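Here the sequence shown stands for residues 53 to 329, where the numbers follow this note's numbering.
Glycine included, every Cβ here is placed at the ideal spot set by N, Cα and C.
Source: prediction; values computed, not measured.
Reading through the structure tokens given below for one structure.
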Amino acid sequence: MIEYSSPNTNKPLHLGHIRNNLLGFSISEILKANGNNVIKTNIVNDRGIHICKSMYAWQKWGEGRTPENTGIKGDHLVGEFYVEFDKRYKAEIEELIEKGFSQEEAENKAPSILAARQMLLKWEAGDDETVNLWKKMNGWVYDGFEVTYKKLGVDFDKIYYESETYLIGKEEVLRGVSENIFVQKEDGSVWADLTNDGLDQKILLRSDGTSVYMTQDIGTAKMRYNDFEIDKMVYIVGNEQNYHFQVLAVILDKLGFAWGKDLYHFHMEWLNFLRVK
């Protein structure tokens with residue numbers, strides 16, 4: 053199984069995604085040509101605090117703008133609201149610092165981030181209004197992604213969505229707690245202590261019960277293992293995620309997935325750009 057693309061639904065695909073998609077698709081076709089049974093897969097990061105930032109910004113400052121009434125491609129429009137959130141958030145932080153708060157305090161007390169965090173909690177609780185807004189804005193993004201994928205000439209045999217995998221990941225994490233694989237701290241957060249494996253401690257669930265990327269990746273791994281007879285899992289992701297996949301491999305192995313320690317991270321460097329006047 054080859055995983056590539058892995059977009060977030062809070063912004064459009066960028067040049068790094070283009071390289072990722074073309075590499076993943078090409079590797080898949082090369083492996084198929086050499087007699088391998090290959091499954092091309094994608095995991096869409098369609099939930100989480102970053103998604104809620106775009107949602108909150110549209111709800112607060114969007115003034116009813118849609119791809120239809122603006123003529124803007126859906127993923128680009130949602131991306132504009134992610135940028136708008138960041139601009140407003142930074143202004144709030146500066147205002148709080150001027151009032152005497154520290155940088156860390158300001159980052160955690162800014163109204164926009166508090167609202168986005170509350171939106172995430174409401175989404176995980178299944179609040180109808182929040183979920184409907186999430187579906188609408190994600191729909192705009194998917195329409196935009198599909199246009200880009202067709203232009204690139206890439207496709208997938210199976211697409212997974214973080215909104216469907218994170219709960220399975222949470223179940224696996226809680227199983228790990230019950231089997232003393234993971235540790236639950238006094239504040240309710242759950243951690244994997246990997247110091248004996250030459251790594252460090254990794255958070256798997258926040259104190260408020262919400263999940264992190266690692267939680268989702270655990271759930272996605274379990275779903276894939278159940279859906280297909282995988283003997284090799286290859287992740288096409290940039291090298292900034294090297295440590296993440298080292299941790300994931302160890303955690304999957306501890307949870308009993310046969311191919312956990314054999315997963316392969318095909319990584320590449322960052323793309324850097326020079327603006328020339």
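Environment of residue i [buried if 16+ CB atoms lie within 10 Å]
{"i": "K222", "result": "buried"}
{"i": "T61", "result": "buried"}
{"i": "S230", "result": "exposed"}
{"i": "I82", "result": "exposed"}
{"i": "W186", "result": "buried"}
{"i": "W113", "result": "exposed"}
{"i": "G228", "result": "buried"}
{"i": "N72", "result": "buried"}
{"i": "E150", "result": "exposed"}
{"i": "G240", "result": "exposed"}
{"i": "K203", "result": "exposed"}
{"i": "V199", "result": "exposed"}
{"i": "Y141", "result": "buried"}
{"i": "L67", "result": "exposed"}
{"i": "S259", "result": "exposed"}
{"i": "S154", "result": "exposed"}
Residue i, DSSP secondary structure in three states
{"i": "K202", "result": "helix"}
{"i": "A244", "result": "strand"}
{"i": "N88", "result": "coil"}
{"i": "N232", "result": "coil"}
{"i": "S78", "result": "helix"}
{"i": "N60", "result": "strand"}
{"i": "H66", "result": "coil"}
{"i": "I211", "result": "strand"}
{"i": "H102", "result": "helix"}
{"i": "E115", "result": "coil"}
{"i": "E120", "result": "helix"}
{"i": "E281", "result": "coil"}
{"i": "E55", "result": "strand"}
Best match in the options for proximity to residue i [C-alpha to C-alpha]
{"i": "L74", "options": "W192, V235 and Y56", "result": "Y56"}
{"i": "M171", "options": "Y265, G116 and V183", "result": "V183"}
{"i": "L219", "options": "D314, Q253, A273 and S106", "result": "A273"}
{"i": "R276", "options": "H296, A168 and W311", "result": "W311"}
{"i": "M107", "options": "W175, N121 and K125", "result": "W175"}
{"i": "H69", "options": "G290, H128, E136 and L226", "result": "G290"}
{"i": "N88", "options": "I282, L307 and L300", "result": "I282"}
{"i": "P163", "options": "V299, A143 and S154", "result": "A143"}
{"i": "F297", "options": "T118, I270, F137 and E115", "result": "I270"}
Neighbourhood of residue i by C-beta, 8 Å cutoff - its chain only, sequence neighbours within 5 removed
{"i": "I54", "result": "G76, I79, S80, L83, V90, I91, K92, T93, V286 and I288"}
{"i": "Y134", "result": "N62, K63, H102, K105, S106 and A109"}
{"i": "K313", "result": "A301, V302, L304 and D305"}
Beta-carbon contacts of residue i that lie in its chain and below 7 Å, excluding the five residues immediately before and after
{"i": "W243", "result": "F234, V235, K237, Q253, K254, I255 and L256"}
{"i": "I95", "result": "E55, S58, Y212, E214 and T272"}
{"i": "Q268", "result": "E214, T217, Y218 and G221"}
{"i": "A158", "result": "I145, L148 and I149"}
{"i": "F309", "result": "A273 and Y277"}
For the stretch 248 to 275, list the alpha helix (DSSP H) runs that are entirely contained and at least 4 residues long, ordered along the chain. Secondary structure remark: continuous alpha helix (DSSP H) runs of at least 4 residues inside the stretch 248 to 275: none found.
Please go through the stretch 289 to 320 and give each complete alpha helix (DSSP H) segment of 4 or more residues, from N-terminal end onward. Segments of the alpha helix (DSSP H) lying fully in the stretch 289 to 320: 294 to 307.
Suppose only complete runs of 4+ residues qualify. What are the alpha helix (DSSP H) ranges in the stretch 133 to 197, listed by chain order? If you keep only unbroken alpha helix (DSSP H) runs of at least 4 residues inside the stretch 133 to 197, you get 155 to 161 and 163 to 176.
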